[in-house]
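Written out below as C-alpha cells is the structure these notes cover.
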Amino acid sequence: MEDKSLDHLATEAGIVASYINAYGKPQAIPADTRHRLLDAINVNKPANEPVSPVPIVKVFTQGQHFTITLKDDRNYQWQIRTEQGEEFQGHGSHQLTFPDTLAQGYHHLTLTQGSQCWSIQIIVAPKRCYEPNALLKGEKLWGACVQLYTLRSENNWGIGDFGDLKYMLKEMAARGGSFIGLNPLHALHPAMPESASPYSPSSRNWLNVIYIDVNQIEDFKHSKEAQKWWQTQTTQRMLQHARSTKWVDYTTVMALKMAALRLAYQQFNTRSEADSQQVSFRQFVIQGGEGLYYQAVYDALHCLLYAKNNSCWGWPVWPEEYSDPHGEAVQTFCQSHPQEVEFFLWLQWLAHTQLADCFAQSQASEMPIGLYRDLAVGVAEGGSETWCNRAVYCTKASVGAPPDALGPLGQNWGLPPMNPHVLQTQAYQPFIELLRTNMTYCGALRIDHVMSMLRLWWIPYGETADKGAYVHYPVDDLLAILALESQRHRCLVIGEDLGIVPEEIVSKLRDSGVYSYKVLYFERNGQGEVRAPNDYPVQAMATITTHDLPTLRGFWQSADLTLGESLKLYPDKDLLQRLYTERQASKQELLEGLHRYGCIPEHIGHTAKEVAMSPEINQGLHRYIAHSTCALLGLQPEDWLDMDKPVNIPGTTMEYPNWRRKLNTTLETMFSDDHVNQLLNDLNTCRKKAGAAEN
C-alpha cells in the first residue's frame, strides 16, 4: 500500500518510475530514490496552499482557443487586463472562454466569486522562436565558437576579455563570419577565482566581472594612483607571468584586475553626479533592481567572509545569520559597507557596458547574428542565485546524467535543480528573468542541455549519480515562454541536444523553431555511414567538436583516449580497447567521406590508420562540414590552429586543469597567419556555395 501511495505521489510530482537506459532497456527506479526525491521537492512546496479554481499561471500558444477549465461548477466573474492596456471581462462556469484576439504577452486575469478573488497570469506566446531574415532567406551562416577566457592578445591581462571579443568580432566580420559563439558569461565567484567552471556559476542573471577589459576604462587611465600602481615592477612582473602561462592563472589575473578596478573606482567616485557616466551607472542600478543589488551584496559579503576563513565557499557554510539575504545581519552589513556593495554594482555596470559595446560592434559590422551566448543548465549550490531565491531550488538534490558505457556511475554535476512546482507557483518568473538577462546583447542563445525543459536527472543529495531518477518539467509551457522571449529579443535559439534525447522532445523543439546541434564526430546515416553534407537538417547548428570533446587533432590522434587512460577515467581495459576500436572505425568512415565528396586531394591514402593528421585532412574536414545543409556552422579556433589539448574533460575535477587551457597564439598573430586566413576564406566560399545550392 505504501509503495502504491508513493508511486502515485511520485507520478504527481513528475518523478518517473522507470526510464529507458543507455542500453535501450527499461530501468526501474528504486522506491527509496523516489521517496528521497519527493522529500527534496516537498521541502520547497508552499505550505497550506489556498485552494484555487484555476491554476496560478496559464500559458497559451497563438492559434489555440483561449479557454480555462474550472475546478468546480460555480459561476465566476472574470476580468483580463492585457500587457498592452486593453481590458476584457465576462463570466462563466465550468469553463472560461477569452477573446481570440488576445495579443502575445503577459496578461493579468482577475477571477471573482462572491467575496473571493484570485489573480492569474495569462501568457500568450507565438508558435515559434525568432529566426533572422538571413536564415529565412536560406543563407548558410558560419562563425567561431570560443571559450572567451582562452583568448590571448597583445594587450589582455592573462585572460580573454571583452576588448579581445570586440577585436575578434571585427576580424571575423571582415572574413565573412556571421557570429562569435561564447561560453556562458555568467557571474562566477570573485572571492574564489579558481572556481572557474562557466557551467557552475554563482548566478546566471549577471556577468563574470573577470572579463572586464581594464585597458578600456577611462577612470583607470586618468587615475594617478592607478597609473603609479601600473608602472611598478611588481605589477608588471605579475602581468608578464599572467600573459605568458599556457593555462589561465585565475588567482593572479583576479588579483591584478581587482587591484586596478578598486583604484579606478576611487577615480570614478570623483565624478560629479551630473557626469554622464555617473548618470548611466545610477540608471543601471535602478533598472537592475533588487536582483542586481543582492548580487553585489553577495559578492561583497563573500569576499569578506572568505578572506577571514577560506572554508566559507558559499552561503550554506556561512555563519547562520548571513544565510538569509533579507535578515538583520545582512542588512547591517549593507549599511556598514555601502562602498563595498557599490563597488560590485559598478563592476556589473562595467561588464554590461563592455558587452553591449561588443554587440554594437557586431551590428555595426552587419553580422546577421553577432554574439551567440550560452545559458548554463544550472547554478552552484552555494552561489548568489540560490541565496536570493531559495524557494525555487531543491538543495536536497543535484542534477546530472544517468549511467552509460563511458560512465557506469553516471555524472553528478553538483547543481541544485529548479523545482518545477515552485516555478509554476511563481508564474515562471525565474525562468522568464533568466531568458531576458541572457538574451540581452546577443543575436542567438544556446540552451545548454535543452532536454532539461522536458526532464532532468535528479540525484538525492550525497548520492552517486546511478541512484537518481528523471523528474519532468512543464515542457510545453517553457517552450512557449522561450518562443515569446525569443521573438521579443529578436534572438535565435539553439538547443544543445547531444546525448540521450527522448523522442517526445525532438518534434517539440523542431516545431518551436529551436535549432538543433549536430557534431561531425557523431553524425551517421541509417546505414551507419558518415552523414553526407547535403543530408544534414537545415534547422541546426553544425560543428566539428565542442568544448566537452577532443579537438580535431586530439580526435584524429586519439589523444583524448590516451589522456583519459592516464587519468584513470575508464573502469577497465576492455572498455578502453572498445573505444580505440570505435575511434578507428569513425576515422575510417570520415576519411571515406572526405574522398567521396572530394574534400581532400586524391593522393591521400584511403586507410585511416595510415593517414596522420595533416593540413590537408584538417582543411578537408572543415570543408566537409562547411558544405552541410545546416543553416549554421560553428567552428573552434583551436582547430584552425591545429591544437591537441582539450579545454575540458567531462567527469574530471582535480585530475585535469579544466577551463584554463589558452589558445597557443595571440589573436593578432592568428588573424595575420596565411594558413588561417586561407582556411577561413575557404570556409566562407563553401558556405556561400551551400546557400546558393539550396536556393
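full-length UniProt numbering puts the first residue of the sequence shown at 1, with every later residue one more than the last. Cβ coordinates follow ideal geometry from the N, Cα and C atoms, glycine included.
9 Å is my cut-off, CB to CB: does Thr440 come that close to chain D? Absence of chain D from the displayed structure is noted, only one protein chain being present.
Does Cys388 come out as helix, strand or coil in the three-state DSSP assignment? DSSP places Cys388 in helix when its eight states are reduced to three.
Starting from Gly105, follow its DSSP beta bridges and name the residues at the other end. Note: Gly105 sits in a beta bridge opposite Val124.
Does DSSP classify Ser323 as helix, strand or coil? Coil at Ser323, not helix or strand.
Rounding to the nearest angstrom, what Cα-Cα distance links Ala397 and Ala532 in this structure? Distance between the alpha carbons of Ala397 and Ala532 is about 42 Å.
Per DSSP, which residues does Leu111 bridge with? Please list them. The partner list for Leu111 (beta bridge, DSSP) reads Trp78 and Trp118.
Cys358 - DSSP class collapsed to helix/strand/coil: Three-state DSSP puts Cys358 in a helix.
Closest residue to Tyr250 among Arg660, Phe179 and His675 (Cα-Cα distance): When each option's Cα is compared against that of Tyr250, the closest is Arg660.
Closest residue to Gly383 among Phe60, Thr395 and Ile447 (Cα-Cα distance): With distances taken between Cα atoms, Gly383 lies closest to Thr395.
Under a Cβ-count criterion, where at least 16 other Cβ atoms within 10 Å of its own Cβ denotes burial, should Asn205 be classed as buried or exposed? Its Cβ being crowded by 16 or more others within 10 Å, Asn205 is buried.
Of the residues Leu301, Pro99, Arg510 and Pro408, which one's Cα is nearest the Cα of Tyr23? When each option's Cα is compared against that of Tyr23, the closest is Pro408.
Which same chain residues end up closer than 8 Å to Ala690 when comparing Cβ atoms and leaving out the 5 residues on each side of it in sequence? Contacts found: Lys140, Pro533, Ala626, His627, Ser628 and Thr629.
In this structure, what does DSSP give as the bridge partners for Pro460? As computed with DSSP, Pro460 is found in a beta bridge with Ala397.
DSSP state of Leu182, grouped into three classes? If DSSP states are grouped into helix, strand and coil, Leu182 belongs with the strands.
Within 10 angstroms of the Cβ of Met654, are there 16 or more other Cβ atoms? Answer buried if so, exposed if not. Under a 10 Å Cβ-count criterion, Met654 is classified as exposed, with fewer than 16 other Cβ atoms of the shown protein chains found around its own Cβ.
What number of angstroms, rounded off, separates the C-alpha of Asp682 from the C-alpha of Ala307? Spanning the alpha carbons of Asp682 and Ala307 requires a straight line of approximately 52 Å.
What residues match up with Tyr470 in a beta bridge as DSSP calls it? Its beta-bridge partners are Trp457.
CA-CA distance, Glu503 and Leu509? Cα to Cα, the separation comes out at about 11 Å.
Grab the span of the beta strand (DSSP E) containing Trp142 for me, first residue to last. Where Trp142 is concerned, the enclosing beta strand (DSSP E) stretches over Leu141 to Val146.
State the DSSP-derived secondary structure class of Leu409, mapped to helix, strand or coil. Leu409: coil per DSSP, three-state reduction.
What are the boundary residues of the alpha helix (DSSP H) that includes Val422? Here the alpha helix (DSSP H) through Val422 covers Pro420 to Thr425.
Where does the unbroken beta strand (DSSP E) through Gly370 begin, and where does it stop? It spans Gly370 to Leu375 - the beta strand (DSSP E) in which Gly370 sits, taken as one unbroken run.
For Leu633, the residue or residues it bridges with in DSSP: Leu633 pairs with Trp142 and Ala542.
Among Tyr76, Tyr167, Glu12 and Gln121, whose alpha-carbon lies nearest the alpha-carbon of Thr666? Checking every option, the nearest Cα to that of Thr666 belongs to Tyr167.
Quick one: what's got a C-beta closer than 8 Å to Met238's C-beta in the same chain, skipping five residues either side? Excluding positions up to five away in sequence, the list reads Thr252, Ala255 and Leu256.
Straight-line CA distance for Leu207 to Pro417? Approximately 21 Å, taken between the alpha carbons.
Taking the C-alpha atoms as reference points, what is the distance between Leu498 and Lys518? Their backbone Cα atoms lie some 8 Å apart in a straight line.
Proximity below 9 Å, CB of Ser512 to CB of Ala480: If you check the CB distance, Ser512 and Ala480 come in under 9 Å.
Are Gln295 and Phe333 close, meaning C-beta to C-beta below 9 Å? No, the Cβ-Cβ distance between Gln295 and Phe333 is not below 9 Å.
For Ala427 versus Gln121, is the C-beta spacing smaller than 9 Å? Taking 9 Å as the Cβ cut-off, Ala427 and Gln121 qualify as a contacting pair.
Enclosing beta strand (DSSP E) for Gln278 [first to last residue]: Where Gln278 is concerned, there is no enclosing beta strand (DSSP E), although the alpha helix (DSSP H) it sits in stretches over Ser276 to Lys308.
In angstroms with no decimal places, state the Cα-to-Cα distance between Val647 and Asn658. Distance between the alpha carbons of Val647 and Asn658: 6 Å.
Which term fits Val377, buried or exposed, when burial requires 16 or more other beta carbons within 10 angstroms of its beta carbon? It counts as buried.
Starting from the Cα of Gln62, find the closest Cα among Gln240, Ala103 and Glu340 and give me that residue. Nearest option by C-alpha distance: Ala103.
Can you grab the Cα-Cα spacing for the pair Gln227 / Leu261, in whole Å? Straight-line measurement puts the Cα of Leu261 at about 12 Å from the Cα of Gln227.
Thinking Ala380 and Leu415 are a contact (beta carbons under 8 Å), I'd like their distance in whole angstroms, please. Yes, Ala380 and Leu415 are in contact; Cβ-Cβ is about 7 Å, under 8 Å.
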